[in-house]
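Participant:
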Amino acid sequence: MAARIRTLKPLFDRVLVQKAQPHKQSLGGIILPDTVQQKVNWGTVVEVGNGRRKDDGSFATMSVKKGDLVMLAGWEQTVKINEQEYNMVREEDILGIVELESNK
1 MAARIRTLKP
11 LFDRVLVQKA
21 QPHKQSLGGI
31 ILPDTVQQKV
41 NWGTVVEVGN
51 GRRKDDGSFA
61 TMSVKKGDLV
71 MLAGWEQTVK
81 INEQEYNMVR
91 EEDILGIVEL
101 ESNK
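Residue numbers (the UniProt record's numbering): 1 to 104.
(1) Verify whether the separation of the beta carbon atoms of F59 and G67 is less than 8 Å.
(2) Evaluate D13 with the Cβ neighbour count: other Cβ atoms within 10 Å of its Cβ, from every protein chain shown; 16 or more gives buried, anything less gives exposed.
(3) How should I94 be labelled, buried or exposed, when 16 other C-beta atoms within 10 angstroms of its C-beta is the threshold for buried?
(4) Excluding the five sequence neighbours on either side, which residues of its own chain have a C-beta within less than 7 Å of the C-beta of M88, listed in chain order?
(5) Taking the DSSP output, what are the residues bridged to N87?
(6) CB-CB under 7 Å to N82, same chain, minus the five flanking residues each way: which ones, in chain order?
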């Protein structure tokens, strides 16, 4: 029996992100093949490392936190955990934190 990973805690300035899924259907209801689906470059932060180690040995504060919706530069390492795909990125490869408008 294979062991299942319970958690994966990133080290230093690394961030574990679950990428958003591309739209598999057009607004008109047409199923889109993989070749025409738009590449997704954003996702939700799942886990955050302690931060980059500074010269004095302390850790720099991370700019993102668990649950943030972030835009990625595209330089990520794909990691599969319990049949789910995640991306491990350095904090510097996160371009920004996305805030969505609420539907009022």
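Glycine included, C-beta positions come from ideal geometry on N, C-alpha and C.
Facilitator: Taking the geometry as given:
(1) Judged by their CB atoms, F59 and G67 are not nearer to each other than the 8 Å cut-off.
(2) Sixteen is the threshold: when 16 or more other Cβ atoms of the shown chains lie within 10 Å of the Cβ of D13, as they do, the residue is buried.
(3) Answer is buried; the Cβ neighbour count reaches 16.
(4) Answer for M88: P10, R14, L16, E76, Q77, V79, listed in chain order.
(5) Assignment of beta-bridge partners to N87 by DSSP yields V17, T78.
(6) Within the same chain, N82 has close Cβ partners R4, I5.
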